[in-house]
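Asker:
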Amino acid sequence: MKLTLLIAMMIFSLSSFAAWNEVECDGRTDGKFLRMEVEQAFPNGSWFQRATLAVTENGAQQVFDYTVSSRGMGGFNRVLYSAPGVNLEVDFWPDQQPRWGRMYRGTLRSRDLGNSSFQTVSCRFPNAF
Numbered sequence: 000m001k002l003t004l005l006i007a008m009m010i011f012s013l014s015s016f017a018a019w020n021e022v023e024c025d026g027r028t029d030g031k032f033l034r035m036e037v038e039q040a041f042p043n044g045s046w047f048q049r050a051t052l053a054v055t056e057n058g059a060q061q062v063f064d065y066t067v068s069s070r071g072m073g074g075f076n077r078v079l080y081s082a083p084g085v086n087l088e089v090d091f092w093p094d095q096q097p098r099w100g101r102m103y104r105g106t107l108r109s110r111d112l113g114n115s116s117f118q119t120v121s122c123r124f125p126n127a128f
């Protein structure tokens, strides 16, 4: 009984450190595969979020980290994540708010992408309701 309780406590305590992604976007450009992930704000209500851009080309991967702020664009059904050098705008029209299981169109601008700084990506909100 003690062993079962110990194992259960270890599993729950390790999962408490996991970060939940608010939005995940994927795209391709010039032989590069792009993946942008923005974590949910912690603590809840914080202005800043952690974002990661992974660029894979010829089997080599470069990872860029940002601290972004998000801003909803009211009547336009869009959300903008921005930081110096990177902007991700996700359009979730016709929905009023992001919904689970839906793919949305996003626009990624980053100086870290070199010549292809403006890209259309497919985005999803894995923890939306």
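Numbered according to numbering that gives the first Met the number 0, the sequence shown terminates at residue 128, and the numbering increases by one at each position without gaps.
Heads up, the beta-carbon is just placed ideally off N, CA and C, and yes, glycines get one too.
(1) Is the CB-CB distance between Q61 and V54 below 8 Å?
(2) Do L87 and L112 have their C-beta atoms closer together than 8 Å?
(3) My guess is that G100 and C24 are in contact by the Cβ rule of under 8 Å, so how many angstroms apart are they, rounded?
(4) Under the three-state reduction of DSSP, which class applies to G58: helix, strand or coil?
(5) If we ignore side chains and look at the alpha-carbon of each, how far apart do M20 and V89 end up?
(6) Helix, strand or coil for F75 per DSSP?
(7) For R27, list the residues DSSP reports as bridge partners.
(8) Going by DSSP, what residue range makes up the beta strand (DSSP E) through L107?
(9) Residues in the same chain with beta-carbon distance under 6 Å from E36, minus the five sequence neighbours each way, listed in chain order, please.
(10) Can you give me the start and stop residues for the beta strand (DSSP E) that Q39 sits inside?
(11) Near L13, which residues of its chain fall below 7 Å by C-beta distance, leaving aside the five closest residues on each side in sequence?
Answerer: Reading off the structure:
(1) To locate residue 61, count along the sequence shown from 1; it is residue 62. To locate residue 54, count along the sequence shown from 1; it is residue 55. Contact flag set, yes.
(2) Here residue 87 refers to the residue found at position 88 of the sequence shown. Here residue 112 refers to the residue found at position 113 of the sequence shown. No, Cβ-Cβ distance for L87 and L112 is not below 8 Å.
(3) As a position in the sequence shown, residue 100 is number 101, starting the count at 1. As a position in the sequence shown, residue 24 is number 25, starting the count at 1. So it is not a contact: roughly 16 Å between Cβ atoms.
(4) Looking up residue 58 in the sequence shown gives position 59. Correct three-state label for G58: coil.
(5) Locating residue 20 in the sequence shown gives position 21, counting from the first residue. Locating residue 89 in the sequence shown gives position 90, counting from the first residue. Here residue 20 turns out to be Asn, not Met, going by the sequence shown. Using only the alpha carbons, I get a separation of about 14 Å.
(6) Within the sequence shown, numbered from 1, the residue matching residue 75 stands at position 76. Of the three classes helix, strand and coil, the one that applies to F75 here is helix, per DSSP.
(7) Taking the first residue of the sequence shown as 1, we reach residue 27 at position 28. Per DSSP, F32.
(8) One-based indexing of the sequence shown puts residue 107 at position 108. Where L107 is concerned, the enclosing beta strand (DSSP E) stretches over M102 to S109.
(9) Indexing the sequence shown from 1 puts residue 36 at position 37. Once the five neighbours on either side are set aside, the close Cβ partners of E36 are N20, E23 and T51.
(10) Walking along the sequence shown from the start, residue 39 turns up at place 40. Where Q39 is concerned, there is no enclosing beta strand (DSSP E), given that its DSSP letter is neither H nor E.
(11) Mapped onto the sequence shown, residue 13 falls at position 14. Interpretation of L13 is limited by its pLDDT of 45, a score under 50 that renders its predicted location unreliable; no figure is taken from the coordinates.
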